[in-house]
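Scroll down for the structure; my scribbles are underneath it.
Residue numbers (our numbering), protein chains in the order written: chain Z, 1 to 71; chain C, 72 to 563.
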């Protein structure tokens with residue numbers, strides 16, 4: 001397991017902890033209730049983290065396997 | 072006849088026309104009909120999967136849940152994050168295995184992995200049964216949309232029946248190709264409508280999103296966060312986990328991943344789809360805007376929130392456009408679901424039982440199954456009852472039971488035996504059935520548990536029993552020789 005793959009744990013932790021530690025309405029963040037903002041920003045974080053994982057993953061470098069070859 | 076109903080029927084006609092066109096020039100063998108000949112690029116697979124996200128469930132269910140339940144609705148954002156992270160590692164091995172063996176369905180996959188046609192049949196039955204409530208909720212949504220947007224000229228029952236006919240006709244003609252093209256149309260329209268409504272309504276009624284939430288917090292303190300009991304943080308996290316595990320266990324989602332040209336397209340989805348999921352926010356804004364503007368919707372009527380506030384705000388032609396978007400959110404996913412269910416019955420239940428049936432025969436059985444499955448769903452829909460979200464959560468509990476067996480099959484050496492796979496799925500499903508028929512919760516089952524744990528999603532009970540069965544039965548039935556040989560076969 002390469003280090004970059006463990007980045008994916010960040011959004012996972014954020015989703016699982018959010019409802020416990022971020023369960024409040026105030027303060028509004030970006031105009032939204034705190035927990036809603038937390039969960040929305042987690043989605044953005046997910047996308048960023050997974051884009052990084054995708055870029056660093058050697059499986060996505062080089063030519064793609066043609067259908068029928070497998071690995 | 073008013074303008075909004077004209078717009079809605081125009082959309083329905085357009086969808087049918089696109090479906091007919093998509094099918095032209097394609098030789099429809101089983102692989103073509105179900106997984107698009109495995110030739111879909113990143114963009115189309117993305118749309119098929121995204122299309123699954125933007126169903127009536129989001130459009131009416133999401134806004135309705137925000138309206139009726141408040142904070143707990145945020146769980147939908149949570150599983151949107153987790154299921155796509157999971158997909159990055161889960162889908163490529165599934166895709167690879169499926170395309171090497173030219174599998175076209177989820178039960179094929181289980182049957183091949185466990186070398187057990189009987190397991191395939193069991194998975195097919197589970198899939199078909201779980202798809203029914205999913206189809207029911209699309210029909211329920213269609214009924215609501217057509218009847219409300221016609222300003223009650225058409226009754227909800229008539230709307231449901233019309234929708235059922237359209238979806239059935241569409242599936243019988245075009246298979247998955249139709250779904251991919253109408254997905255494009257649907258997503259553009261739905262996204263436009265969602266963003267417009269999600270911004271316009273808060274500004275129109277409250278002067279801004281922040282002001283809207285302040286007003287709601289003042290009128291109903293705490294509504295925008297999770298309650299301490301019931302749909303609490305424990306409920307939310309357990310529901311997110313169950314939905315995440317279930318997401319790709321849907322027969323049609325499994326099938327959609329087969330239709331990819333390569334595994335990279337599937338991995339890309341892991342960072343594109345979460346952003347797409349953000350559209351839920353705007354849908355929530357609509358539901359929240361309705362809280363103080365059209366109060367009083369109760370029970371299953373909370374699903375009407377989006378349309379009630381739209382009608383109170385706009386001219387009929389705008390309501391017609393919103394209705395058109397809504398109709399698409401039901402017809403497009405509805406057709407995928409119906410196709411998946413029909414293929415399951417024909418290919419994975421009828422097929423293995425009638426050993427000599429040819430591919431051509433199976434396709435024609437699948438086409439005949441479409442109206443039959445729709446008939447069952449229609450019957451359930453007309454019985455009325457639950458909200459859209461409640462229906463989906465129940466259906467999720469059913470498909471989630473397949474996850475442990477699938478996960479084990481992806482390991483290098485599968486520790487699970489055929490018998491254990493069978494037993495664990497049966498135990499899981501039986502538990503879900505007993506729990507949902509008796510409307511049991513963790514609190515009623517285990518009154519001795521600490522308060523915090525009482526809010527666990529009841530699906531967790533079924534999943535726990537499922538996994539325990541898997542471990543115990545595997546240990547009891549494992550013959551030392553059985554652990555290895557099949558897996559070595561597939562490496563080569």
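Cβ atoms here follow ideal geometry from the backbone N, Cα and C, with glycine treated the same way.
Predicted model, so just to flag it, every value in this text is computed and none were measured.
{"query": "Can you find the residues in the same chain that come closer than 8 Å, C-beta to C-beta, to residue 494(C), ignoring five residues on each side of it along the sequence?", "result": "540, 541, 544"}
{"query": "So, is the C-beta of residue 563(C) closer than 8 Å to a C-beta in chain Z?", "result": "Unreliable placement is indicated for residue 563(C), whose pLDDT of 35 sits below 50; no coordinate value is reported for it."}
{"query": "Taking the alpha carbon of residue 445(C) as the point to measure from, which residue in 431(C), 143(C), 210(C) has its own alpha carbon closest?", "result": "210(C)"}
{"query": "Quick one: Cα of residue 386(C) to Cα of residue 410(C), how far?", "result": "36 Å"}
{"query": "Measuring CA to CA, which of 487(C), 335(C), 440(C), 379(C) is closest to residue 62(Z)?", "result": "335(C)"}
{"query": "Look at the Cβ atom of residue 219(C), then the Cβ atom of residue 233(C), and state whether they are nearer than 8 Å.", "result": "no"}
{"query": "Please tell me whether, using a cut-off of 7 Å, the distance from the CB of residue 447(C) to the nearest non-hydrogen atom of the ligand MG is below it.", "result": "For the structure depicted, the ligand MG is absent and the ligand set is empty, with no information on it obtainable."}
{"query": "My assumption, with CB atoms under 8 Å, is that residue 506(C) sits in contact with residue 476(C). Please give the rounded CB distance.", "result": "Not a contact, Cβ separation roughly 20 Å."}
{"query": "So, is the C-beta of residue 6(Z) closer than 8 Å to a C-beta in chain C?", "result": "no"}
{"query": "Terminal residues of the continuous alpha helix (DSSP H) containing residue 307(C)?", "result": "304 to 318"}
{"query": "Counting only beta-carbon separations shorter than 8 Å, does residue 339(C) have a partner in chain Z?", "result": "yes"}
{"query": "Taking all protein chains shown into account, do 16 or more other C-beta atoms lie within 10 angstroms of the C-beta of residue 222(C), making it buried, or fewer, making it exposed?", "result": "exposed"}
{"query": "Any chance the segment 268 to 281 of chain C sits against the segment 354 to 370 of chain C, with 3 or more Cβ pairs inside 8 Å?", "result": "yes"}
{"query": "Would you say residue 307(C) lies against chain Z (beta-carbon separation less than 8 Å)?", "result": "yes"}
{"query": "Could you check what DSSP says for residue 296(C) in three-state terms: helix, strand or coil?", "result": "coil"}
{"query": "May I have the straight-line CA-CA distance separating residue 490(C) from residue 548(C), to the nearest angstrom?", "result": "7 Å"}
{"query": "Since residue 288(C) meets chain Z, which of its residues come closer than 7 Å, beta carbon to beta carbon?", "result": "25"}
{"query": "Identify the contact partners of residue 480(C) in chain Z, using a Cβ-Cβ distance below 9 Å as the criterion.", "result": "Going along chain Z, no residue has its Cβ under 9 Å from residue 480(C), so there is no contact; the nearest lies around 16 Å."}
{"query": "So residue 522(C) is in the alpha helix (DSSP H); what residue range does that whole segment cover?", "result": "522 to 525"}
{"query": "Using beta carbons (cut-off 8 Å, strictly below), is residue 345(C) in contact with chain Z?", "result": "yes"}
{"query": "Could you give the residue range of the alpha helix (DSSP H) that holds residue 322(C)?", "result": "322 to 329"}
{"query": "Taking residue 19(Z) and residue 299(C) to be in contact with their CB atoms under 8 Å, please state how far apart those CB atoms are, rounded to whole angstroms.", "result": "Contact doesn't hold; Cβ gap of about 12 Å is too wide."}
{"query": "What does residue 33(Z) touch in chain C if you count any residue whose Cβ is under 7 Å from its own?", "result": "284, 295, 296"}
{"query": "Quick check on residue 280(C) - is its C-beta less than 8 Å from some C-beta in chain Z?", "result": "yes"}
{"query": "DSSP three-state call for residue 242(C): helix, strand or coil?", "result": "helix"}
{"query": "Any idea what DSSP makes of residue 29(Z), helix, strand or coil?", "result": "strand"}
{"query": "Whose C-alpha, out of 174(C), 516(C), 138(C), is nearest the C-alpha of residue 325(C)?", "result": "174(C)"}
{"query": "Count the other CB atoms within 10 Å of the CB of residue 38(Z); is the residue buried (16 or more) or exposed (fewer)?", "result": "buried"}
{"query": "Drop a sphere of 10 angstroms on the beta-carbon of residue 165(C), count the other beta-carbons inside from all chains shown, and report buried for 16 or more, exposed for fewer.", "result": "buried"}
{"query": "Quick one: which residues of the segment 151 to 171 of chain C get their C-beta closer than 7 Å to a C-beta of chain Z? List them in chain order.", "result": "151, 152, 153, 155, 156, 159, 167, 170, 171"}
{"query": "If you measure between the beta carbons of residue 458(C) and residue 130(C), is that distance less than 8 Å?", "result": "no"}
{"query": "Rank 185(C), 290(C), 81(C) by C-alpha distance to the C-alpha of residue 363(C) and give the top, closest one.", "result": "290(C)"}
{"query": "Compute the distance between the beta-carbons of residue 193(C) and residue 433(C), then report whether it is under 8 Å.", "result": "no"}
{"query": "For residue 227(C) and residue 126(C), what's the separation of their Cα atoms in angstroms?", "result": "19 Å"}
{"query": "Listed from N- to C-terminal order along the chain, which residues in the segment 39 to 68 of chain Z have their beta-carbon within a distance smaller than 9 Å of any beta-carbon of chain C?", "result": "39, 40, 42, 43, 44, 45, 46, 47, 48, 49, 50, 51, 52, 53, 54, 57, 59, 60, 64, 65, 66, 67, 68"}
{"query": "Could you name the residues of chain Z that residue 311(C) contacts, counting a contact when the two beta carbons are closer than 9 Å?", "result": "15, 16, 19"}
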